[in-house]
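Under UniProt numbering, read the sequence shown as residues 1 to 263, first letter to last.
Ideal Cβ positions, reconstructed from N, Cα and C, are used throughout, including at glycine.
This report concerns only the one structure given below.
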Amino acid sequence: MTAGVAVAAMTVGCAGAQATEETTSADKPTVVLVHGAFADSSSWNGVVRSLEADGYPVIAVANPLRGLASDAGHVRSVVDGVRGPVVLAGHSYGGSVMSQAADGLPNVKALVYIASFILEAGESTGELAAKFPGGELGPALKTLPVPLPDGKEGSDLYIEQDQFRRVFAADVPEDVTALMAATQRPITAAALEEPATKAAWKAIPSWNLVTTEDLAIPAESMRFMGKRANSHTLEIKASHAVAVSQPDAVADFITQAADSTLG
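Below is the structure:
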């Protein structure tokens with residue numbers, strides 16, 4: 001999702017001048033951000049600004065949204081190319097992707113799930129989205145046919161623009177959500193149906209931000225997944241688009257995880 005007009009495929013930055021006396025920016029892990037469905041990397045813009053102000057190097061990855069395994073492969077290639085420790089943060093379907101991508105990567109020191117999915121191997125994103133009542137995203141979706149990478153015919157999913165603010169970003173100003181709805185990136189139905197084969201949270205410490213006003217992923221589902229993963233959990237009154245509506249709170253939560261990795 002996009003909080004502004006620009007579409008940022010990748011945002012990279014490092015604000016060393018903001019580092020504290022105790023810890024320089026060179027000592028801090030790189031924060032890699034993974035957006036979810038109906039979104040793009042610019043959905044993290046406010047979070048990036050806040051993290052950079054605290055001296056963290058940041059990369060916001062362009063998540064392809066084509067298939068869980070292929071999306072995870074792309075994210076993994078980005079993370080694998082980062083020198084030094086990494087904190088991975090994923091929003092929504094981005095959490096499904098990063099759990100798969102981070103498995104076995106020694107430089108990933110923490111996983112931060114932001115209004116997100118924390119899948120067990122064998123589970124799909126769609127399955128967990130429907131596990132508990134309260135989600136209203138499904139009826140707001142429209143489908144369009146699209147060719148898949150394997151040559152088969154599939155479906156792209158979009159949120160109906162007149163439903164976007166209500167189900168996805170109710171606490172974001174209307175002028176912003178109008179832009180978000182118009183610039184949303186679709187996800188294939190196949191990506192939501194594809195089961196995970198890895199669960200990196202079993203070996204990597206995790207943090208779980210639960211959004212209690214979320215109509216895309218019920219809060220009860222996020223609580224269930226976070227408890228199962230033994231995550232450090234914080235609940236916040238926000239819509240699914242919390243990275244747009246409350247970027248400083250999201251950045252602070254990511255910073256808690258990042259600070260835990262410092263020696």
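Compare the C-alpha of residue i against each of the options and name the closest.
{"i": "T233", "options": "P205, A241 and L215", "result": "P205"}
{"i": "G46", "options": "S260, A258, I254 and L262", "result": "I254"}
{"i": "L88", "options": "I59, A115 and R66", "result": "I59"}
{"i": "A121", "options": "A199, V250, A229 and S92", "result": "A199"}
{"i": "G67", "options": "A196, P247 and A229", "result": "A196"}
{"i": "I114", "options": "V34, K28 and V176", "result": "V34"}
{"i": "residue 268", "options": "R166, A189, S116 and T188", "result": "Residue coverage of the chain in this structure runs from 1 to 263, which leaves residue 268 outside it and unanswerable."}
{"i": "V61", "options": "E52, A69, G94 and P29", "result": "G94"}
{"i": "L215", "options": "A72, T261, L141 and W207", "result": "L141"}
{"i": "L125", "options": "A182, E220 and A37", "result": "The question names Leu, but residue 125 is Thr in the sequence shown. For T125, the nearest C-alpha among the options comes from A37."}
{"i": "S70", "options": "T30, S43, I187 and V31", "result": "I187"}
{"i": "residue 337", "options": "N230, S245, Q246 and M225", "result": "For residue 337 there is no data in the structure shown, the boundaries of the chain being 1 and 263."}
{"i": "A257", "options": "Y158, R83 and W207", "result": "W207"}
{"i": "T30", "options": "K237, L51 and S42", "result": "L51"}
{"i": "E174", "options": "P85, S245, D259 and D40", "result": "S245"}
At which residues does the beta strand (DSSP E) containing residue i begin and terminate?
{"i": "E153", "result": "E153 to I159"}
{"i": "E235", "result": "H232 to I236"}
Quick one: what does DSSP say residue i is sitting in, helix, strand or coil?
{"i": "V250", "result": "helix"}
{"i": "G126", "result": "helix"}
{"i": "T211", "result": "strand"}
{"i": "A9", "result": "The predicted position of A9 is uncertain, since its pLDDT is 32 and thus under 50; no value can be drawn from it."}
{"i": "Q256", "result": "helix"}
{"i": "V167", "result": "helix"}
{"i": "P147", "result": "strand"}
{"i": "L105", "result": "coil"}
{"i": "V97", "result": "helix"}
{"i": "A115", "result": "strand"}
{"i": "S77", "result": "helix"}
{"i": "K142", "result": "strand"}
{"i": "A229", "result": "coil"}
{"i": "E21", "result": "Only weak support exists for where E21 lies, its pLDDT of 34 falling under 50; the value from the coordinates is given anyway. Three-state DSSP puts E21 in coil, outside helix and strand."}
{"i": "S239", "result": "coil"}
{"i": "residue 280", "result": "As displayed, the chain neither begins before 1 nor continues past 263, which places residue 280 out of reach and without an answer."}
Assuming residue i is part of the alpha helix (DSSP H), what are its boundary residues?
{"i": "H91", "result": "Careful: H91 lies outside any alpha helix (DSSP H), inside the beta strand (DSSP E) at V86 to S92."}
{"i": "V242", "result": "V242 to S245"}
{"i": "V176", "result": "E174 to T183"}
{"i": "E193", "result": "A189 to E193"}
Quiz item: Counting pairs of Cβ atoms below 8 Å between the region 139 to 154 and the region 239 to 248, do you hit three or more?
Solution: no
Self-check item: Three CB pairs or more closer than 8 Å across the region 169 to 183 and the region 101 to 111
Solution: no
Exercise. Pair every Cβ in the region 130 to 147 with every Cβ in the region 105 to 117, then say whether three or more of these pairs are closer than 8 Å.
Key: no
Quiz item: Which full runs of the alpha helix (DSSP H) of 4+ residues lie inside the region 23 to 75, going along the chain?
Solution: 45 to 53
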